[in-house]
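So the structure is just underneath, and the comments pick up after that.
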Amino acid sequence: MLEKIHSPRDLDGLSYEQIEQLAGEIRRELISTVSVNGGHLASNLGVVELTLALHRVFHMPEDKVIFDVGHQSYVHKMITGRYDRFTSLRSYGGIAGFPKRSESEYDCFETGHASTAISAALGMARARDYQKEQYEVIAVVGDGALTGGMCYEALNDAGNSGTKMIVILNDNEMSIAPNVGALSNYLTNLRISAGWQSAKRKVRHLNSVPLIGKPLYKTIHGIKRLVRSVFVRDSESGFFEALGFAYFGPINGHDQAGMEKAFRQAKQYKGSCVIHVLTKKGYGYEKAEERPEAFHGTPPFYIETGYRIDKPSCPSWGHMMADTLADMSETDSRIVAITAAMKLGTGLDHFGERFPDRLLDVGIAEEHAVTMAAGLAAGGMRPYVAVYSSFFQRCYDQMLHDVCMQNLPVVFLLDRSGIGGEDGQTHHGLFDLSLSLPVPGLTVLAPSSSAELVSMLQWTLTQDGPCVIRYPKSMKECGTQQGQDFCPARWTAMTEESSVLLLSAGSMVPVAMDVYNRLKDEKINTTVVNCSTLKPLDEAFLAAVPQTASVFTLEEHMVTGGFGEYVSGLCLEKGYKVPMYCFGVRDQYIQHGDHGHLMKDAGLDADSVADTIRKLLKGA
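Okay, here's the thing in structure tokens:
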């Protein structure tokens, strides 16, 4: 049946029995494709019925639906004309794992980071009203995204604005990891107090009774408010309705008929409303239901067992970081690790196993995480904030204003720096140096090996100022031996001296070594330099570079605002007249695909770098 669904309108005439059959086919396709390509499985298994109900009740693309984060849009893609390409999901040249406006008219807004959908939906709804058009705007938001403060800014603005929009709260009780904070407790109370909504509706009907109706309604309504404030302060009306939203729910997110009924009611309702839908993450695949966090973002796996196919031969950078941080914590009680709902992704679950009281998961709240870290540092602690490079963008002002201007000893551990791969442009870590390098007093480091990462982390405890350590997801070098003590602003030549210098940062050091070996076979000698400190620069090293040399900088980052520009700026300032070429990502957004293909497209693989150097040297 699934192969016959070319647009949402093909769903209209199906019976509920047929929809149930279709849902089963969709789940099988999800499991089959993600088991091969990797991706976000558990969240998509949980929203099959929800997505089908959306497209049967609303009329996309005239109506607009925005998926917060966007990782749960696979079913949406399948039934909007992309099923025939679904096996290319997240592959190089295939369909994206997140909504893409360039991919389909049904993807009206691109997402990838959390807590943005309500703001975007409000903007689209206001655009509709300004232009006197008629269509619905729906934001689908997970309970995990509601731990992000941006949602509340949008709800506060939207509730009493007079602009109609619909918010569907997809409550699966678990975003990436178990939700934290008061909001999670609040939603739990909503689930158990659903009867309150039914009683409230019955009381409202008293308004229509002649003579005694309105006075009696006011009396009962006052009693109800008193009871609610004393006994059920966290009832549904206490939050969303206070913000100006009508509340519908909770609704079983796997009851097709029940959801469609609620969606039709919301569509007919004149004002803004929240529809609270309860779903089960991983629904329909036992392995994902049992371990939903493992199947949030999963690599390829065996369907029968749920185990990943390509088990890593060495730990990730994140796990190496967390294990080292835990070792350091054995002798330093000041160390506190902080994550913004990414405990598993950053590797801090390893730290938490040994020091659960010193791991703070603040939810999807990067801004709060950083300013809280500043407070911890001001109070005498040593906070380490582990965050993906792409999410570091979200807390720039807090890093600059609250941490760096006070010169507080907060260490930012930027995981997934560089080209991220299959998750695409919203998850590549290509802008963190442009944010970090201009900040006075901020030390910026990029280890090229596990030993270097360990020594850098140990060094940070001896410093009294802020520091950034950026590293990729995958570790090419697996050595765990302790290296020499880290010396900041001191670069190391890894090959023999020559007149061609390859100044390499972090993950590009192994690439530079490959380039060295390729060119050496052609009798072109190069010197690979490990520039582990990106700020401050090794000015003594640069001052000693002869003017007859050719200098190439290599970084897995944007060229603009990156390491190469920083080096060339210093050379220009000091009057060092050395020819220089910067390898990095040019003025473009990198799409999704495997890391090797994307590096080649950016001209950053060893073959491309060697070829460019060869041509430039011949033209010199």
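Just so you know, we're using the UniProt record's numbering here: the sequence shown kicks off at 1 and counts up by one. Built from N, CA and C at the ideal position, the CB exists for glycine as well. From a predicted model like this one, the values you see are computed outputs, not experimental measurements.
**Message:** For Arg128 and Val137, which I take to be in contact (beta-carbon distance under 8 Å), what is that distance rounded to the nearest angstrom?
**Reply:** Here Arg128 really is in contact with Val137; their C-beta atoms are around 7 Å apart, less than 8 Å.
**Asked** Which value, in whole angstroms, describes the spacing of the CA atoms of Leu437 and Val609?
**Response** For Leu437 and Val609, the distance between alpha carbons rounds to 24 Å.
**Prompt:** Going by DSSP, which residues form a beta bridge with Lys64?
**Reply:** DSSP, once it has assigned bridges, lists Val137 as partnering Lys64.
**Message:** Can you give me the C-alpha to C-alpha distance between His276 and Arg82, rounded to a whole angstrom?
**Reply:** Taking the straight line joining both Cα atoms gives about 28 Å.
**Message:** Under DSSP, the alpha helix (DSSP H) around Cys267 begins and ends at which residues?
**Reply:** Per the sequence presented here, residue 267 reads as Lys, with Cys not at that position. First-last of the alpha helix (DSSP H) with Lys267: 256 to 268.
**Asked** Does the count of Cβ pairs from the segment 1 to 11 and the segment 246 to 257 closer than 8 Å reach three?
**Response** With fewer than three CB-CB distances shorter than 8 Å, the segment 1 to 11 does not count as touching the segment 246 to 257.
**Request:** Going by CA-CA distance only, name the one from Asn517, Arg470, Arg28, Ile95 that's closest to Glu452.
**Result:** Ranking Asn517, Arg470, Arg28, Ile95 by Cα distance to Glu452 puts Arg470 first.
**Prompt:** Nearest to Ser550 by CA position, among Glu565, Lys577, Thr533, is which residue?
**Reply:** Here the closest residue by C-alpha is Lys577.
**Message:** When you compare the segment 342 to 359 with the segment 507 to 519, are there three or more beta-carbon pairs, one atom per stretch, that lie closer than 8 Å?
**Reply:** The segment 507 to 519 and the segment 342 to 359 do not touch, with fewer than three beta-carbon pairs separated by less than 8 Å.
**Close Cβ partners of Asp611 (< 8 Å) along its chain, the five nearest in sequence each way excluded** = When the five nearest sequence neighbours on each side are left out, no beta carbon in the same chain lies closer than 8 Å to the beta carbon of Asp611.
**Asked** Based on Cα-Cα distance, which residue from Val529, Leu519, Lys520, Thr495 lies nearest to residue 631?
**Response** For residue 631 there is no data in the structure shown, the boundaries of the chain being 1 and 620.
**Message:** Let's test the definition: count the other Cβ atoms within 10 Å of the Cβ of His592 and tell me whether it reaches 16, buried, or not, exposed.
**Reply:** So His592 counts as buried.
**Prompt:** Buried or exposed: which applies to His71, given that a residue is buried once 16 or more other Cβ atoms fall within 10 Å of its Cβ?
**Reply:** Buried, by the Cβ-count rule.
**Message:** What does the alpha-carbon distance come out to for the pair Leu278 and Leu52?
**Reply:** Their backbone Cα atoms lie some 15 Å apart in a straight line.
**Prompt:** Can you tell me where the alpha helix (DSSP H) with Ile275 in it begins and where it stops?
**Reply:** Boundaries for Ile275: no alpha helix (DSSP H) harbours it, while the beta strand (DSSP E) harbouring it runs 273 to 278, taken from the DSSP string.
**Request:** Look at the alpha carbon of Phe58 and the alpha carbon of Ile19, and state the distance between them as a whole number of angstroms.
**Result:** Spanning the alpha carbons of Phe58 and Ile19 requires a straight line of approximately 16 Å.
**Asked** Taking DSSP as the reference, what is the three-state secondary structure of Val528?
**Response** Val528 carries a strand assignment under DSSP once its states are collapsed to helix, strand and coil.
**Message:** Going by the DSSP bridge assignment, what does Met558 pair with across the sheet?
**Reply:** The partner list for Met558 (beta bridge, DSSP) reads Val585.
**Close Cβ partners of Ile309 (< 8 Å) along its chain, the five nearest in sequence each way excluded** = These residues qualify, in order along the chain: Pro299, Pro300, Phe301, Tyr302.
**Prompt:** So the alpha helix (DSSP H) Leu52 belongs to, where does it begin and stop?
**Reply:** Here the alpha helix (DSSP H) through Leu52 covers 48 to 57.
**Item:** Residue closest to Arg101, alpha-carbon to alpha-carbon, out of Glu49, Phe109, Cys467
**Value:** It is Phe109.
**Prompt:** Smallest Cα separation from Leu359: which of Ala326, Ser390, Pro409?
**Reply:** Residue Ala326 is the option with its Cα nearest to Leu359.
**Prompt:** Quick one: what's got a C-beta closer than 8 Å to Leu50's C-beta in the same chain, skipping five residues either side?
**Reply:** Non-local C-beta neighbours of Leu50 in its own chain, meaning closer than 8 Å and more than five positions away in sequence, comprise Val140, Ile168, Asn170, Gly253, Met259, Val277, Thr279, ordered along the chain.
**Request:** Kindly identify the DSSP beta-bridge partner or partners of Leu537.
**Result:** In the DSSP assignment, Leu537 forms no beta bridge with any residue.
**Asked** Assuming Tyr74 and Asn37 make a contact with CB atoms under 8 Å, what is their CB distance in whole Å?
**Response** Separation of the CB atoms of Tyr74 and Asn37 is rounded to 11 Å, and the pair is thereby denied contact status at 8 Å.
**Item:** Beta-carbon proximity list for Ala117, same chain, < 6 Å, skipping 5 on both sides
**Value:** In chain order, Ile66, Asp68, Ala139, Val141 place their CB closer than 6 Å to the CB of Ala117, counting only its own chain and leaving out the 5 sequence neighbours on each side.
**Message:** Determine whether the beta carbon atoms of Met558 and Val515 lie at a separation below 7 Å.
**Reply:** Going by C-beta atoms, Met558 is not nearer than 7 Å to Val515.
**Item:** Ala266 and Tyr16 closer than 7 Å at C-beta
**Value:** Their beta carbons are not under 7 Å apart, which means Ala266 does not touch Tyr16 by this criterion.
**Check whether Phe412 and Val385 have beta carbons under 7 Å apart** = Yes. Within cutoff.
**Message:** Do Thr533 and Leu501 count as a contact pair if the criterion is CB distance below 7 Å?
**Reply:** Cβ atoms of Leu501 and Thr533: not closer than 7 Å.
**Asked** Thinking just about the alpha-carbon of each residue, which of Ala121, Ala120, Met78 is nearest to the one in Glu103?
**Response** Per the Cα distances, Met78.
**Request:** List the residues that DSSP assigns as beta-bridge partners of Gly39.
**Result:** Gly39 is bridged to Thr298.
**Prompt:** Leu461 lies in the beta strand (DSSP E); which residues open and close that run?
**Reply:** Note, Leu461: premise wrong, no beta strand (DSSP E); not H, not E.
**Prompt:** Should Cys571 go down as buried or exposed, given a rule of 16 or more other Cβ atoms within 10 Å for buried?
**Reply:** It is buried - the Cβ of Cys571 has at least 16 other Cβ atoms within 10 Å.
**Request:** May I ask which residues mark the beginning and end of the beta strand (DSSP E) holding Arg470?
**Result:** Arg470 -> beta strand (DSSP E) spans 467 to 470.
**Asked** What span of residues does the alpha helix (DSSP H) with Ser390 cover, start to end?
**Response** Start and end: 389 to 392.
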